[in-house]
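Read through the structure below, which is laid out as structure tokens, and then see the notes.
Numbering (this note's numbering), first residue to last: -13 to 175.
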């Protein structure tokens, strides 16, 4: 964690809740993106991000720097807010078992990847929900293995191993998959 984060957290715990604005500035886009890559709905992602930040503000006194990073704590809160939302909504599709790469406008140089993208989307559906989440956190959200471990409640080492195995299998099954996934990520940022 940066000194800026630590200072803002310390100030919030003292009752200076205005310092939470600094934390919000650091994480607003990251948390929104995290939620958007799971819901593919802008309004819902904005609402869930707001809920996550409100919960974080209300519970900042419970955050313990010895138990993990602030970013992991925020991702966990955002993840739980999303799960709570879908429990209340009772969707027809199990949120944990679906992986959709939303319709994204592709530039000319990426049009030839569109067909391959469909194949990759279908392949991602064959992965376990845990593997899908790992791929999302590492590739789309750019989280470190340490952060992923904290979010998924696993060791950093097991996350590295699981990611390596999934990517190795993906390269074997669909050699073009990883470049396509990275291309889509590049054009959605």
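Beta carbons are placed, not taken as given, at the ideal position from N, Cα and C, and that holds for glycine. A quick note: this is a predicted structure, and the numbers were derived from the prediction, not measured.
Residue 71 and residue 65 have their C-alpha atoms some 10 angstroms from each other. The DSSP-derived three-state label of residue 2 is coil. In this structure, the alpha-carbon of residue 17 lies about 14 angstroms from that of residue 134. The beta carbon of residue 67 sits closer than 7 angstroms to the beta carbons of 34, 37, 38, 41 from its chain, once the five residues preceding and following it are set aside; these are given in chain order. Residue 30 and residue 1 have their C-alpha atoms roughly 30 angstroms apart. Within the same chain, 131 come within 8 angstroms of residue 146 by CB-CB distance, once the 5 residues on both sides are set aside. Here the segment 105 to 117 makes contact with the segment 142 to 161; the two share three or more CB pairs at distances below 8 angstroms. Distance from the CA of residue 161 to the CA of residue 104, rounded to the nearest whole angstrom, comes to 14 angstroms. Contact check for residue 46 against residue 121 fails: the beta carbons are separated by 8 angstroms or more.
Straight across, the Cα-Cα distance linking residue 151 with residue 129 is about 18 angstroms. Here residue -13 is exposed, its C-beta having fewer than 16 other C-beta atoms within 10 Å. Burial check for residue -10: the Cβ neighbour count within 10 Å stays below 16, so the residue is exposed. In the three-state scheme derived from DSSP, where H, G and I count as helix and E and B as strand, residue -13 is classed as coil.
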